[in-house]
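Peer 1: In full-length UniProt numbering, the protein residues as written are 1 to 547. Note that beta-carbon positions come from the ideal geometry of N, C-alpha and C, so glycine has one too. Keep in mind the model is a prediction, meaning the values are calculated, not measured.
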Amino acid sequence: MSEQTPAKSKQVSPQGQEMPDQPPDASKVGKPRIIAINGIPFHSKSRNTTASSQVTKRCRPEPVYVDLHDGVENVERYVVGGYHPTHIGDLYHNERYKIVHKLGHGTFSTVWLARDMVEEKNVALKISCADVPAVSHESQTLGLLKAGQSDHPGRCYVTSLLDKFGIEGPNGKHHCLVMPVSACSASKSKDKRDGGHFIFPMPVARSIAAQVLLGLDYIHSCGVIHGDLHTGNILIELPGLDQLPEDELYAHLGEPKKQPLRRRDGLPLGSNAPAYSVSSAMLVLGCGTEVKDPKVLISDFGESFLITDEDCKELHTPMILRPPESFFGERIGPKADIWTMGCTLFEILGCGTLFENWFPDMNQTVTEMISTLGPIPTRWWDKWSAEGKSMSFNQDGTWKEGAFVMSLADRMRTMASKDPSREAVPPDCSEEEFASLETLFKIMLTYEPAERATASDVVASEWVQKWAIPAITEPSSPVSLDFLAERRREWVALVAEQDKRRAETQEKQAKKDALRAEDEKSGLCKEKEVPDSELTENEHFKRNQEA
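1. Would you kindly check if the distance between the Cβ of P256 and the Cβ of I472 is under 8 angstroms?
2. For T86, which residues of its own chain have a beta-carbon under 7 angstroms away from its beta-carbon, when the five flanking residues on both sides are left out?
3. I'd like to check one pair, K383 with F393: are the Cβ atoms closer than 8 angstroms?
4. CB-CB under 7 angstroms to E73, same chain, minus the five flanking residues each way: which ones, in chain order?
5. Where DSSP assigns a beta bridge to R115, which residues make up the other side?
6. On the three-pair Cβ rule with 8 angstroms, is the stretch 153-173 touching the stretch 240-260?
7. So, with DSSP's three-state summary, where would you put K508?
8. Where does S271 fall in DSSP's three states?
9. According to DSSP, simplified to helix, strand and coil, what is D163?
10. How should I234 be labelled, buried or exposed, when 16 other C-beta atoms within 10 angstroms of its C-beta is the threshold for buried?
11. At what residues does the beta strand (DSSP E) containing S277 begin and finish?
12. Quick check on A186: buried or exposed, where buried means 16 or more other Cβ atoms within 10 Å of its Cβ?
13. Using the Cα positions of G352 and V284, report the straight-line distance between them to the nearest angstrom.
14. For N357, collect the residues of the same chain with a Cβ closer than 8 angstroms to its Cβ; drop the 5 residues on either side in sequence, then sort them by chain order.
15. Does the beta-carbon distance from I298 to V181 come in below 8 angstroms?
16. Are the CB atoms of L229 and T340 nearer to each other than 8 angstroms?
17. Does the beta-carbon of E295 have 16 or more other beta-carbons within 10 angstroms, so that it is buried, or is it exposed?
18. Sort out for me which residues DSSP pairs residue 548 with in a bridge.
19. Count the C-beta pairs between the stretch 438-446 and the stretch 258-277 that are closer than 8 angstroms, then say yes if the count reaches three, no if not.
20. Please report the straight-line C-alpha distance between R115 and F165, rounded to a whole angstrom.
21. Can you have a look at C156 and say buried or exposed, based on whether 16 or more other CB atoms are within 10 angstroms of its CB?
22. Tell me K173's beta-bridge partners as DSSP assigns them.
23. If you draw a straight line from the alpha carbon of R77 to that of G232, how long is it in whole angstroms?
24. DSSP beta-bridge partners for L515?
25. To the nearest angstrom, how far is the alpha carbon of I40 from that of L144?
26. Between which residues of its own chain and S221 is the CB-CB distance below 7 angstroms, once the five residues before and five after are set aside?
27. If you compare alpha carbons, which of A416, V278, D247 and P360 is closest to L68?
28. So what's H137 in DSSP terms, helix, strand or just coil?
29. Given a threshold of 16 other Cβ atoms within 10 Å of its Cβ, counted over all protein chains shown, does Q140 qualify as buried or as exposed?
30. Reducing DSSP to helix, strand and coil, say where W358 ends up.
31. Hey, I348 and A455: beta-carbon distance below 8 angstroms or not?
32. Tell me the residue span of the beta strand (DSSP E) that contains Q259.
33. Does DSSP put T454 in a helix, in a strand, or in coil?
34. Helix, strand or coil: which one does DSSP assign to Y83?
35. Which residue's Cα is closest to the Cα of N94: M412, E138 and M117?
36. What is the residue span of the beta strand (DSSP E) that V296 lies within?
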């Protein structure tokens with residue numbers, strides 16, 4: 001499960017132009033192709049997003065609920081076809097799973113920390129929206145992975161399906177998946193400033209990289225393409241978390257923070273929405289000092305598909321991680337995962353991303369590829385729109401003056417720095433390892449999919465065999481979870497300060513609204529000068545700028 005699900009991208013033509021919405025073919029919408037792998041029926045996932053986008057455009061109702069703090073799911077989706085209203089203490093599946101805390105949410109699901117009352121351990125319970133197909137695509141994929149080669153060295157680095165069941169609530173029927181509980185994603189770990197760093201220590205980074213690459217090799221051996229392999233979908237386990245009893249769990253994580261849900265019109269909530277929202281538990285391991293002897297799991301197979309699938313797939317991977325063939329209308333195969341993993345490997349080992357863009361689109365990303373790896377194949381260059389090329393290239397294909405060009409080797413030399421102009425190779429990385437790693441990046445980031453390395457090629461590479469796999473270690477002693485309590489105290493103080501500022505801003509806004517309403521009622525048109533003491537932070541900034 002990823003804490004964050006990437007937004008769905010708009011369709012683009014091979015030239016990068018946004019394509020107009022087309023009426024969906026009624027004969028194809030909602031009819032998945034049924035095939036079988038290893039005797040397991042598999043419903044090939046439909047990728048038609050046009051119908052849903054048209055529905056969204058037609059019906060955008062006014063907000064029903066009072067705005068809540070950041071960090072909770074979109075409460076407007078507590079409607080028929082949306083989220084299931086879930087409360088702390090709820091029991092599911094014949095009272096086997098008890099909800100004890102919140103882990104996160106995505107566009108199409110909420111994820112809860114639950115207590116398995118039968119096995120007496122903590123698990124992650126993913127409850128999908130009711131508008132997700134009843135036959136869960138993700139559960140089918142996890143079923144295929146469960147049936148794979150039992151002795152493959154990468155199997156243990158892929159999340160497993162512990163249980164699945166369905167529930168029926170006021171918003172419809174929801175599919176539920178039970179999986180092992182993890183602390184956080186690699187992405188969240190790197191976002192947590194720990195000891196002044198935004199980078200994993202090199203031994204930790206090597207270990208994470210090896211585990212993910214072995215896991216990807218296992219996934220491909222099962223005939224599955226992940227389709228969305230980024231650091232948000234690489235979960236870091238916290239040994240012992242699954243065994244904590246409920247009272248100790250709250251001692252470390254704190255009681256769930258609940259915020260009452262209220263309708264804007266003052267009417268009762270009704271059964272579609274929960275009585276309160278729940279903030280996610282503060283389960284983040286800082287990458288600098290808190291991640292040691294890591295064990296990771298590749299998660300979130302909601303975008304996965306089969307290697308044998310011949311349909312043209314639309315990737316929803318973050319733009320700067322997408323393979324070049326996805327921009328030019330070519331078939332997406334397992335080599336797409338290799339390209340994405342090459343970009344993700346750079347991020348695991350360094351501070352930032354391989355391709356830098358504040359607002360990446362197809363044109364900027366392809367330009368970054370050329371800057372890093374050299375010219376793209378002629379057939380892609382010819383398909384690329386003149387407008388897209390004109391951003392950085394002259395008509396003869398040469399770089400425009402002032403264009404940013406930085407080779408792969410140069411980007412690697414700055415990968416351990418947040419400042420791309422400052423050279424910083426990852427600590428403990430020798431010249432020999434650097435050269436071996438550069439070779440690995442090159443075979444993973446080859447333009448032509450047919451010439452790009454396979455997952456098995458990557459695992460067999462010198463860097464993986466000589467530096468990455470030997471870095472995988474088991475914890476030498478039981479992991480103490482005491483740091484979670486300290487983290488909780490920091491988090492509680494931070495949230496309290498944020499709540500205080502939010503309340504002050506809302507109070508000032510309410511006074512302004514009341515004053516404006518009074519003026520309108522009395523027929524006064526001239527806007528009154530608002531005292532500095534009643535301005536919000538943004539208004540203070542704007543007034544100072546004008547002065």
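Peer 2: Concretely, from the data shown:
1. Taking the first residue of the sequence shown as position 1, residue 472 is located at position 472. Taking the first residue of the sequence shown as position 1, residue 256 is located at position 256. No; because the gap between Cβ atoms is not below 8 angstroms, this pair is not in contact.
2. Mapped onto the sequence shown, residue 86 falls at position 86. Closer than 7 angstroms at the Cβ level, and outside the excluded window around T86, lie I99, T110, W112, I127 and P274.
3. As a first step, residue 393 is located in the sequence shown; it is residue number 393 there, counting from the start. As a first step, residue 383 is located in the sequence shown; it is residue number 383 there, counting from the start. Not a contact, by the Cβ cut-off of 8 angstroms.
4. One-based indexing of the sequence shown puts residue 73 at position 73. Cβ within range, chain order: Y83, H105 and T110.
5. By one-based count along the sequence shown, residue 115 stands at place 115. For R115, which the question treats as bridged, DSSP gives the partners K98 and N122.
6. no
7. In the sequence shown, counting from the first residue as 1, residue 508 sits at position 508. Here K508 sits in helix by DSSP.
8. Within the sequence shown, numbered from 1, the residue matching residue 271 stands at position 271. Here S271 sits in coil by DSSP.
9. In the sequence shown, counting from the first residue as 1, residue 163 sits at position 163. D163 falls in the strand class under three-state DSSP.
10. Numbered from its first residue, the sequence shown carries residue 234 at position 234. Buried, because 16 or more other Cβ atoms sit within 10 Å of the Cβ of I234.
11. Along the sequence shown, one-based indexing puts residue 277 at 277. It spans Y276 to V278 - the beta strand (DSSP E) in which S277 sits, taken as one unbroken run.
12. Locating residue 186 in the sequence shown gives position 186, where the first residue counts as 1. When all chains shown are included, A186 counts as buried.
13. Here residue 352 is taken as the residue at index 352 of the sequence shown, counted from 1. Here residue 284 is taken as the residue at index 284 of the sequence shown, counted from 1. Answer to the nearest angstrom: the Cα atoms are 19 angstroms apart.
14. Sequence index remark: in the sequence shown, residue 357 carries index 357 (1-based). Once the five neighbours on either side are set aside, the close Cβ partners of N357 are M319, I320, Q364, T365 and E368.
15. On the sequence shown, position 298 is the one that residue 298 refers to. On the sequence shown, position 181 is the one that residue 181 refers to. Their beta carbons are not under 8 angstroms apart, which means I298 does not touch V181 by this criterion.
16. Along the sequence shown, read from residue 1 onward, the residue named residue 229 stands at position 229. Along the sequence shown, read from residue 1 onward, the residue named residue 340 stands at position 340. In contact: L229 and T340 (Cβ atoms closer than 8 angstroms).
17. Residue 295 sits at position 295 when you count from the first residue of the sequence shown. Note on residue identity: the sequence assigns Lys, not Glu, to residue 295. Classification for K295: buried.
18. The requested residue 548 is not part of the displayed model; the chain covers only 1 to 547.
19. no
20. Counted from its first residue, the sequence shown places residue 115 at position 115. Counted from its first residue, the sequence shown places residue 165 at position 165. One C-alpha to the other measures close to 16 angstroms.
21. Position 156 of the sequence shown, counted from the start, is the residue given in the question as residue 156. When all chains shown are included, C156 counts as exposed.
22. Here residue 173 refers to the residue found at position 173 when the sequence shown is read from its first residue. DSSP lists E168 as partners of K173.
23. In the sequence shown, counting from the first residue as 1, residue 77 sits at position 77. In the sequence shown, counting from the first residue as 1, residue 232 sits at position 232. Cα to Cα, the separation comes out at about 23 angstroms.
24. Within the sequence shown, the letter at position 515 stands for residue 515. DSSP lists no partner for L515.
25. Mapped onto the sequence shown, residue 40 falls at position 40. Mapped onto the sequence shown, residue 144 falls at position 144. Confidence at I40 is low in this model, with a pLDDT of 44, below 50, so its placement is unreliable and no value can be given for it.
26. In the sequence shown, the residue the question calls residue 221 occupies position 221. G148, Q149 and H152, listed in sequence order.
27. For the purposes of this step, residue 68 is taken as the residue at position 68 of the sequence shown. Among A416, V278, D247 and P360, the Cα nearest to that of L68 belongs to V278.
28. As a working mapping, residue 137 is identified with position 137 in the sequence shown. H137 falls in the helix class under three-state DSSP.
29. Sequence index remark: in the sequence shown, residue 140 carries index 140 (1-based). When all chains shown are included, Q140 counts as buried.
30. Position 358 of the sequence shown holds residue 358. DSSP places W358 in coil when its eight states are reduced to three.
31. Taking the first residue of the sequence shown as 1, we reach residue 348 at position 348. Taking the first residue of the sequence shown as 1, we reach residue 455 at position 455. Contact: no.
32. By 1-based counting over the sequence shown, the position of residue 259 is 259. Start and end: K258 to P260.
33. Numbered from its first residue, the sequence shown carries residue 454 at position 454. In this structure, T454 counts as coil in the three-state DSSP scheme.
34. The sequence position of residue 83 within the sequence shown is 83, counting from 1. Correct three-state label for Y83: coil.
35. Taking the first residue of the sequence shown as 1, we reach residue 94 at position 94. N94 has its Cα closest to that of M117, out of M412, E138 and M117.
36. Walking along the sequence shown from the start, residue 296 turns up at place 296. Taken as a continuous stretch (DSSP letters only), the beta strand (DSSP E) holding V296 covers V296 to I298.
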